[in-house]
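Structure, as structure tokens:
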Amino acid sequence: MLLFILAYLGGALTIVSPCILPVLPFVFARADRPFVRSGLPLLIGMAVTFAAVASLAAVGGGWAVQANSVGRIAALAVLAAVGLLLLFPALADRATRPLVALGARLSERSSGPDGGIGASLLLGVATGLLWAPCAGPILGLVLTGAALQGASVGTSVLLLAYAAGAATSLALALLVGGRVFAAMKRSLGASEWVRRGLGVVVLVAVAAIAFGFDTGVLTRLSLASTSKLEQGLLDRLGVGPKNSVAVAEGTPLPVEGQMPSLAGATAWINSPPLTRESLKGKVVVVDFWTYSCINCLRSLPYVEAWAKKYADKGLVVIGVHAPEFAFEHDLANVRRAVKDLGVTYPVAVDNNSAIWNAFHNSYWPAHYFIDGQGRIRAHHFGEGDYDGSERIIKRLLAENGATGLTGRTVQVAGGGAMASADVHDELSPETYVGYEKAAGNTNRNGLIHDKRTDYMPVTPGARNHWTFDDVWTVGAEHAVSGAPDAGIVYRFHARDLHLVLGPGPDGKPVRFRVRLDGKPPGADAGVDVAADGTGVVTTQRLYQLVRQKGPVKDRTFWIDFLDPGVEAFAFTFG
């Protein structure tokens, strides 16, 4: 019941979210009409459509994403027609015989004075398709739970509760807006200009949504954001994942639950299989990681140092390798990575996500700290606060009877991709190349799914945008180059640029050449690149291609693959 209430409240908060702003003109365009016959059906259509699309997203994954994309295009067309009809009354009069009968009826009835319940409901459906991508932490919690535990009727009910909350706040705004709208008409005597003004606002909103300003520019410009409000509500009520919290010296560490089973591991590296029973009496650190994750790589030196420093004090470190990409399921790849990265502690290979799900984990990296009685006493998600994590380890060891725990925390200086991030200059986000999670692509026709395509490069002028050059086949998870000299261009801002790459199924090495702002990288070359920009893809892993030595600024990165067949997965920065 608590989660249903949270979902409803989270939906109600969307009224002040930048994500909902482009939807408001379509709601207020009907503010001068009877609420029961016009506003209420529109809101019902929005809520039901949102819940249906989000449920499909939880159940159907990528298929639903594509269905929703098509729905957004159709919705934009319908709402653009509504805006034009509001703006040009003569056009509305002639809209009784359009080429598409349903679209004509919806446009005419939703913009004319006699629009009925059916038209309002259909307009609500179209608006709901535009609103569906909005998601705050509470909605994210619902969808994450569906992904990990399996979608159910309960998931759909939670999503409907979220939508009902948003519809409630919009209904209040509509009722208030209706009074303001009517007063404007009475005082100004300019109903036609009001109508046309609404048409302009609707068309501007459609353009904002079509060009992505609803989730980009509006997010940056708006002073109102619900994410902190929602996350604060979740944290206060103890629902969903939380980052670890520093515990003052002398304050007992809480008990977060019993350590889950490790029986779901598909293989073990550096150790025979370990069990909860065999670990009783030991302090345990469980580290969730995957070998192409830059954040995981940067934390590994600290985890390795803890394992070595406190092994004789009763500490056991267990790395749980939970793969993200398909190639990370290959046991030979994982064994090679463990050796190359210098990991000496036990590693449980979690190819079926059994341990991941048992811990209800959602992060790479994630550290869980377990006492000698098998109880989880603390956790930490992501990079950083290594001193705080080590202090927790020492406290649990002391509770377990260990002595001689004084002294400084470990001092680590990782090299290459394992070096600490330059967080102050890291302004570019992780960027996936496969179409399932891709963002920021600027190729003129977008990404063509699963089809060999000759892409014309469009040099990205704006930061965090990128483009393909020459022949590529873009799949859901990665893209495969199909011709010599096929390339990728990225406009980025960070000290380091990494790209997860692999050779093709035949395993043949793929040569590449890197340029920065049109020139060889020189001193700014990463560990996997020579000063002249040349390098070779030999295995499936993360490659560090840029490590800037001077001041960090916006740079244009260009990589050409001299041989066809390379597999490109994701950019990461640091």
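Using the working numbering, you'd call the opening residue of the sequence shown number 2 and step up by one each time.
Ideal Cβ positions, reconstructed from N, Cα and C, are used throughout, including at glycine.
For residue 480, the uninterrupted beta strand (DSSP E) run begins and ends at 480–482, by DSSP. Between residue 514 and the set 346, 257, 495, 534, the nearest pair of CA atoms involves 534.
Between the segment 316–328 and the segment 436–453 there are fewer than three inter-stretch CB-CB distances shorter than 8 Å, so the stretches are not counted as touching. Within 10 angstroms of the beta-carbon of residue 338 lie 16 or more other beta-carbons, which makes it buried. Sequence-distant partners of residue 532 (beyond 5 residues in either direction) whose C-beta falls short of 8 Å from its own C-beta, in its chain, are 521, 522, 523, 524, 526. Residue nearest to residue 391 within the set 552, 341, 334, 305 is 305 (criterion: CA-CA distance).
By the C-beta density criterion, residue 6 is exposed, having fewer than 16 other C-beta atoms within 10 angstroms. Residue 262 counts as exposed, since fewer than 16 other beta carbons sit within 10 angstroms of its beta carbon. Around the beta-carbon of residue 548, 16 or more other beta-carbon atoms lie within 10 Å, marking it buried.
Residue 536 sits in a strand when the DSSP states are folded into three classes.
Going by DSSP, residue 571 is part of the beta strand (DSSP E) stretching over 568–574.
DSSP places residue 449 in no alpha helix (DSSP H); its state is neither H nor E.
Looking only at 464, 568, 484, the smallest Cα-Cα distance to residue 543 is reached by 568.
Note on geometry: alpha-carbon atoms of residue 293 and residue 501 lie some 7 Å from one another.
The distance from the Cβ of residue 432 to that of residue 467 is about 7 Å, consistent with a contact at the 8 Å cut-off.
Note on geometry: alpha-carbon atoms of residue 343 and residue 462 lie some 40 Å from one another. Annotation: residue 454 to residue 444 spans about 11 Å, alpha carbon to alpha carbon.
DSSP, read as helix, strand or coil, puts residue 309 in helix.
Judged by beta-carbon spacing, residue 411 lies within the 8 Å limit of residue 307, meaning their Cβ atoms are closer than that value.
Closest in alpha carbon position to residue 512, among 550, 552, 546, 564, is 564. Nearest neighbour of residue 318 by Cα position, chosen from 331, 301, 419, turns out to be 301. In the three-state DSSP reduction, residue 49 falls in the helix class (H, G or I). Between residue 257 and residue 396, the CB-CB gap reaches or exceeds 8 Å. Straight through space, the alpha carbons of residue 361 and residue 367 are spaced by roughly 11 Å. For residue 321, the enclosing beta strand (DSSP E) covers residues 316–322. When the beta-carbon positions are compared, residue 394 and residue 311 come within less than 8 Å of each other. Counting of Cβ neighbours within 10 angstroms places residue 253 among the exposed residues, the total staying below 16. When C-alpha distances from residue 560 are compared across 572, 81, 414, 490, the shortest belongs to 490. Nearest neighbour of residue 471 by Cα position, chosen from 450, 486, 35, 41, turns out to be 486. Here residue 506 is exposed. Its C-beta has fewer than 16 other C-beta atoms within 10 Å.
In the DSSP assignment, residue 336 falls within the unbroken alpha helix (DSSP H) covering 332–341. Boundaries of the beta strand (DSSP E) harbouring residue 561: 556–562, taken from the DSSP string. Checking the DSSP bridge columns, you'll see residue 502 partnered with 542, 569. Out of 428, 479, 492, the CA that lies nearest to the CA of residue 458 is found in 492.
By alpha-carbon distance to residue 413, the top candidate from 407, 268, 422, 516 is 422.
For residue 303, the three-state secondary structure derived from DSSP is helix.
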